[in-house]
Structure formats: structure tokens, C-alpha cells
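Read through the structure below, which is laid out as C-alpha cells, and then see the notes.
There are 2 protein chains.
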Amino acid sequence: MIESVKKACQIISCFSNEEPVLGIGAIAEKLGLHVSTAHHIVTTLCDEGVLMKDQKKKYRLGWRVLEWNNHVMFQQDVYEKAMPIVKELILRFKGTVHIAMFDKGTVVFVLRVSSEESTPIQTYIGSRKPAYATSSGKVLLAYNSVYLQETINRGLSHEGPNTITDINQLKKELAEIRKKGYSISNSENSDDMYGVAAPIFSYSGEIIAAVNLVGPPSYMQGSNGDMIIRSLKSTAQSISKELGYIEI
Amino acid sequence: MIESVKKACQIISCFSNEEPVLGIGAIAEKLGLHVSTAHHIVTTLCDEGVLMKDQKKKYRLGWRVLEWNNHVMFQQDVYEKAMPIVKELILRFKGTVHIAMFDKGTVVFVLRVSSEESTPIQTYIGSRKPAYATSSGKVLLAYNSVYLQETINRGLSHEGPNTITDINQLKKELAEIRKKGYSISNSENSDDMYGVAAPIFSYSGEIIAAVNLVGPPSYMQGSNGDMIIRSLKSTAQSISKELGYIEI
DNA sequence: CCCCTTGTTCGACAATATCGAATGTCGTTC
DNA sequence: GAACGACATTCGATATTGTCGAACAAGGGG
């Protein structure tokens, strides 16, 4: 593990929507680094265009981050290919669409699209939830046994009215998900929220992410449910296809 | 300058739309690093979520890049606030909208939105052009004398039919741009392309970027021109306002 | 099943990041 | 307008840490 690289990553992560502009002192303090050390790393990051310094000697994220973002797989696919379907879904069901990935035992939300009138949900890009308590998480667990093992090792706790806390019951549900090709969650991580998720596969057939739609149960159950599931599965498949995955 | 941080940035930049998935060997070779060194850095980046390793031991960009991207100032503002106007403009004039920043003597395009039927333009996110030969570049030069000096030091060369190659003429045009609040470029960097650009200011009143619209001259000159300029200036102003800039 | 390619680990050396302090620069207050 | 204070930046010495070469492991193809 290379320390300075870790520190650099942490420095970049200091910048947020709440604090988009920071000085050296603030950065150093946040991370418990010596100002001098922080300064060296920050200068390097500026040179690379990852950060930018303004005339007031304050730093902000730079253009290079935007460039990197553009090269993340499925980022474009979502925006260019899947967006029409995604837009339709969120407008129709006043919901929110996420793309989620598995990382260090939990689910991370990496993309988020919602309509203005959608029911507010407490997720933002980079936020995490237990995998076993979300529709996206369950899809990820269903198609990757390593993820499942990591999750079991961490233990299952009660997150919402319907959270699955029994390992065998979870395994049974995951088998069901593999058979159907999608997962649902009904108030498993928070009250009164219904979610549906489908898997995104990479070129090698490995699951790398999940798309999901979350919204109020009333809109999403019943006959609408089938339509949502079909749309979501086709969205997921079209993204997978762009990543080079060939369905058997 | 911290070497390992620089190397880490270069490693991240190796990933592109053409090569979204790379092995350690490929990365090391691309950058002339020893595989062992590359491996250490890559492992660290994986640990931070900047890269991800799949079961085939291939690496790709990870979720953290998406998170960082979300914290870049004006990224959101463009997508949430300015997009309606931007969308209308590109559809109406079959053009392309960019956001550009100044970096190391040239202009870098950091965002790019175009309609499907727009005239193809050879720009992509991260691509560069001489500042004095683009509408965005000229705006950036007009409002920042440091940028201008850097540009002059590099020298002005002929890029298209109408490129400005005389420093005094350039300075005269920049004064004009400051007076009008926008810039135009007419086939200055490539044949038959007409561009209009407006400045984006940060909270401290410093110019940090420019929005521009590029398209075929036929659509954009004449009476349409005024409408485009007004829309573009208001787009730029609304982004500036979100960044905390208060107009005098 | 074996070979060959590719990724991963190991250990010693030397480069280099770190720390503390001193210097510089800006903005603010009296 | 001058002096203060807060902050960024530079400097230099030490020891940490990244680098390199080579040996090891794993995985895929013949």
C-alpha cells in the first residue's frame, strides 16, 4: 500500500458539495496531515489537473476528474442508451433510479437519477447500505458468491420492517432471484419503500453493478410492477451488452 | 512533486473508452513502469475504490471516480440548472455545447453535450485547443491576464482560415469581448465552424470556465445569433450564480 | 498435462516523502 | 499606513517508503 497515493485519494475525497473549495490548512486538518505534506500532494494533484488553485489560494476539483468520469464504463451507456427508459420510469412512477456496486461488504450507489416530484429518498452518490437489505444489493449477492461470503461475515442486522436477518432465508431468496433475473425489496431498509433491481454484467459474464428503481409501493405494485420489471431488465441488458456481455 | 501520486494519476488516465479494461502488464508498459511498482499503486487505488479488479485480474475505473465527479463544481449546475437551455440550443441549431477551462497554456474541454443530428466536431472530453483560436479560449483570455500571458509566451500559430496571429489584434478583440460579455469565433480553428462563448465566474469573481455553442455558420448567424447569445449568457450567469458569484 | 504468459510477493537498497522550523505573502485591524 | 496575524510556501535533515530485480504463484492455451 502506497501511503502517498492513499493520502492523495483522501485529499480528493475531502471535496464535497458542502465544501467544494478548501485551503491547504483545512485539508491538512481534516486528514490529520502536516500542512507541508498536504501541500506537496496538493501541488502534485494541481499539476495533474485533478485539483485547481484559484487566485485566493483555495483549491477545488479540476477538469481531470471530469475526464476520468467519462471513461468509467457504463457511465456513458447509462446516459446515452439507458436514459430514455430511465427517464420514462422515474416520471411515470415518481421514483428514483440508482446504479449500485458492491464494495468492501456493502452496496455503494454510484449513479442516481430522480424526477423533481419523486418521493425523497436518503441516498446520494457514494452512500452505502447493507447489501442484504436493498434490491440492488440482493442482485449483486445473487450473482457473486464472494460478495455473499463477505456480507455473511459482517453479519445481518435489522434495517427496516421486512429486513431478512436469517442466512438460510437469504440464500433461498437469492436462488429465486437468479431464476427470475431480478430482485425486489419491500420496506427492507426503510419504511414504505419499494424497490426493483436487475443485474449488469461485464464482458466476462461477471456481475459488476445493478440498476434499480425505488418508489412508493402504491405506484409500483400490481400491474405496473410487470412493466417496471420488464423495462428495468431491458435497461440492464442494454448496458451489459454495451460492456461486451453476450447473453447465452 | 510527489512521484507516486503523479504515477497514480497517470495510471488512472490510462483507462479510456477505447481501453476501459487493462491488466497490470499493459499499464506498466504504457507508462514505462516496472510491473511491481505499477502493481503496488494499482492495489492501493483498488483499495480506495478508484479502480476495481475483476475475477480475470483485469482492472477498470471504480465507483469512487463517479463520486468525485459529482463533487466537481458546476458539474451538477450544468446538468440540473443549465441543461434545459442547453438542450434547447443544441436541438434548435444542430450544434454542440462545451464547457472549457484553461490549463497549462491551452483550453481543455471538460463537458460536452450534442444532439444526435449535430454536425460532427472533433472534440472530446479532455481534448485541447489553442486558446486564441476558440470562442471559449478567447473568453478565458479576456478575463484573466495570467492566462493571456501564458498564451502569448507559447506563441500564436495559424490554426484555421481566420486565426488571429497578431498579438495586438488579439488584445483588441479581448477588450471588445470584455465590453460585450461574450466572444465569437468564425472558422478560427477549423473550417466552417461558428462558435459563441460566455464566461463562468467563481464566487471570488475569477473566471473559471466558459460555456460555448459550436455549429454550422448558416444556423447561427443573423437573427438567430442574438437569441443564441442571450441564451448562452444567461446559462453562464445561472451557473456562475450557483457557484456563489454575485454580479455587480 | 505441461508450458508459457501474466500477476503477485519478497528483500535490499537508495531515493524520497515526511516533519519541524523558518520564510514569505496576503488580508485585516488598529 | 503600519504592524499584526493567519495562512501558504519553501527549506533541510532524517528515516521511512517506494523502487527495482528476481523469484514465486496462478491461470490459460496448446
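Protein sequence lines correspond, in order, to chains A and S. Using my numbering, the first residue of the first sequence is number 1, and each one after it goes up by one. Using my numbering, the first residue of the second sequence is number 1001, and each one after it goes up by one. Note that the Cβ used here is the ideal one computed from N, Cα and C, for glycine as well. A quick note: this is a predicted structure, and the numbers were derived from the prediction, not measured.
Within 9 Å (strictly less), CB to CB, does residue i reach chain S?
i	result
A:Tyr203	yes
A:Asp192	no
A:Ala131	no
A:Ile12	yes
A:Lys180	no
A:Asn224	no
A:Ala26	no
A:Ala197	no
A:Lys241	no
A:Ile152	no
A:Met73	yes
A:Val139	no
A:Ile125	yes
A:His40	yes
A:Leu91	no
A:Lys81	no
A:Gly155	no
A:Glu88	no
A:Gly32	no
A:Glu188	no
A:Gly62	yes
A:Asn69	yes
For residue i, I'd like the list of residues in its chain whose CB is within less than 7 Å of its CB, leaving aside the five on either flank, ordered along the chain.
i	result
S:Thr1151	Gly1105, Ala1131, Tyr1132, Leu1141
S:His1158	Thr1165
S:Val1042	Ile1011, Ile1024, Ile1027, Leu1051, Tyr1059
S:Ser1187	Gly1160, Pro1161, Asn1162, Met1193
S:Ser1115	Ile1090, Leu1091, Lys1094
A:Glu117	Lys94
Per DSSP, what are the beta-bridge partners of residue i in this structure?
i	result
S:Phe1201	S:Ile1207
S:Met1052	S:Arg1060
S:Val1113	S:Val1097
S:Arg1128	S:Val1108
A:Asp103	A:Thr106
A:Ser185	A:Gly195
A:Val214	A:Thr96, A:Gly195
A:Leu22	A:Tyr59
By Cβ distance, which residues of its chain are closer than 8 Å to residue i, with the 5 residues on each side in sequence left out?
i	result
S:Lys1081	Ser1238, Ile1239, Glu1242
S:Ser1223	none
A:Ser231	Ile85, Glu88, Leu89
A:Asp191	Gly160, Pro161
A:Val65	Ile12, Val50
Can you give the beta carbon distance from residue i to residue j, rounded, assuming they're within the 8 Å contact cut?
i	j	result
A:Leu213	A:Phe109	With 8 Å as the limit, A:Leu213 and A:Phe109 do not qualify as a contact, their Cβ atoms being about 13 Å apart.
A:Ser183	A:Val211	The Cβ separation is near 11 Å, so there is no contact.
A:His98	A:Ser145	Wrong, their Cβ atoms sit about 23 Å apart, outside the cutoff.
A:Phe74	A:Tyr147	A:Phe74 to A:Tyr147, Cβ: 18 Å. No contact.
A:Gly215	A:Gly95	3 Å
A:Ala2	S:His1040	Ala is not the amino acid found at residue 2 of chain A; the sequence shown has Ile there. About 6 Å separates the two Cβ atoms, so the contact holds.
S:Gly1195	S:Thr1134	7 Å
S:Arg1178	S:Tyr1143	7 Å
Is there a Cβ from chain A that is less than 9 Å from the Cβ of residue i?
i	result
S:Gln1076	yes
S:Asp1054	yes
S:Pro1020	yes
S:Gly1095	no
S:Glu1117	no
S:Val1211	no
S:Val1050	yes
S:Ile1002	yes
S:Gly1215	no
S:Ala1043	Note that residue 1043 of chain S is Thr in the sequence shown, not Ala. Answer yes: the Cβ-Cβ gap between S:Thr1043 and chain A drops below 9 Å somewhere.
S:Ala1008	yes
S:Ile1208	yes
S:Met1101	yes
S:Asp1166	no
S:Val1035	no
S:Ser1016	yes
S:Leu1111	yes
S:Leu1174	no
Once you ignore the five residues that flank residue i on each side, which residues in its own chain have a CB closer than 6 Å to its CB?
i	result
S:Val1021	Lys1058, Arg1060
S:Thr1235	Ala1082, Ile1085, Val1211
S:Trp1063	Gly1049
S:Ala1209	Ile1099, Met1101, Ile1200
A:Gln221	none
Contact the stretch 1046-1062 of chain S vs the stretch 197-205 of chain A: 3+ CB pairs below 8 Å: yes
Would you call the stretch 120-131 of chain A and the stretch 1064-1081 of chain S touching, i.e. three or more CB-CB distances under 8 Å? Yes, they touch.
contact_flag[the stretch 1005-1012 of chain S, the stretch 38-49 of chain A] where n(CB pairs < 8 Å) is 3 or more: Taking 8 Å as the limit for Cβ pairs, the verdict is that the stretch 38-49 of chain A does touch the stretch 1005-1012 of chain S.
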